[in-house]
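Residue numbers (this note's numbering): 211 to 458. Here a beta-carbon is modelled for each residue, glycine too, at the ideal position from N, C-alpha and C. Structure first, commentary second.
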Ligand code: SF4
Ligand code: SF4
Ligand code: SF4
């Protein structure tokens, strides 16, 4: 089998994460060739059997590129939160221009089309969440593909991993932590290092947004602060969240 790591609009941090996996890449190379990886190879081959796609299309050419990747590859993996949920590029879809300008320090981003998850355009076989993705989950995914087994993302919150690590709770200390609504899989790395979870793995299936929002309002966070926290990694859920905020 051979793989390709291909970028659409994004920071290319997930490609860099691949490069950071020197030991693991040597292991992967025993079973798979890396045929296409612009950051690491001068000569790239096409097609590839497994396409790891980071980022998301933000113009017509990238949509065409994504459709070709899907057509030519047996397996398409959405690599990282930009590909999985729209991630950082999707911030601009859901905010008023004024709000977007505030986040980008007064410089409005030039994104000509809405940035959406890859699944809006093509069938996606596997998703690796995280900004960037978790190395452990990538290893699990590759093992599953090689053995022809299924791969399932975690369907519980970062709080579960955080509690298992016996961390103190930053939400209880007054910080706006997105852990209760965010998909586990990162071993709660941020709260384990005394920083609140920003929600970079996106929401999980049964996330209780209403409960989380009520707690944050009771803690004294403003509706704007809550909407801003949700706007970073919850593209698909934000409309619903804003509707609830208006009701509260
Ligand atoms: S998921 Fe994060 S690290 Fe990966 S490409 Fe997107 S912004 Fe960069
Ligand atoms: S610190 Fe955050 S992630 Fe950890 S238990 Fe508290 S709310 Fe959950
Ligand atoms: S703790 Fe939250 S912000 Fe940090 S890596 Fe995990 S999901 Fe992302």
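- prompt: Would residue 405 be called buried (16 or more neighbouring beta carbons within 10 Å of its own) or exposed?
  reply: exposed
query: From the DSSP output, which residues share a beta bridge with residue 264?
result: 217, 289
- prompt: If you pair each beta-carbon of the segment 270 to 289 with each one of the segment 236 to 253, do three or more pairs fall below 8 Å?
  reply: no
CA nearest to the CA of residue 401, picked from 377, 423, 395, 262: 377
task: State the Cα-Cα distance for the pair residue 352 and residue 243, rounded to the nearest angstrom.
output: 12 Å
task: Pull up the distance between the alpha-carbon of residue 339 and that of residue 277, whole angstroms please.
output: 21 Å
message: Pairs of beta-carbons, one from the segment 357 to 371 and one from the segment 214 to 228, closer than 8 Å: are there three or more?
response: no
- request: Check whether the Cβ atoms of residue 455 and residue 423 sit closer than 8 Å, and answer yes or no.
  value: yes
- prompt: In chain order, what residues of the same chain lie with their CB nearer than 6 Å to the CB of residue 272, ignoring the 5 residues before and after it?
  reply: 218
message: For the alpha helix (DSSP H) containing residue 228, name the first residue and the last one.
response: 223 to 229
- prompt: Going by other Cβ atoms of all chains shown within 10 Å of its Cβ, with 16 needed for buried, is residue 484 buried or exposed?
  reply: Because the chain is modelled from 211 through 458, residue 484 falls outside the range shown and cannot be assessed.
query: Closest by CA to residue 230, which one among 342, 448, 446?
result: Taking each of 342, 448, 446 in turn and checking the Cα distance to residue 230, the smallest one comes out for 342.
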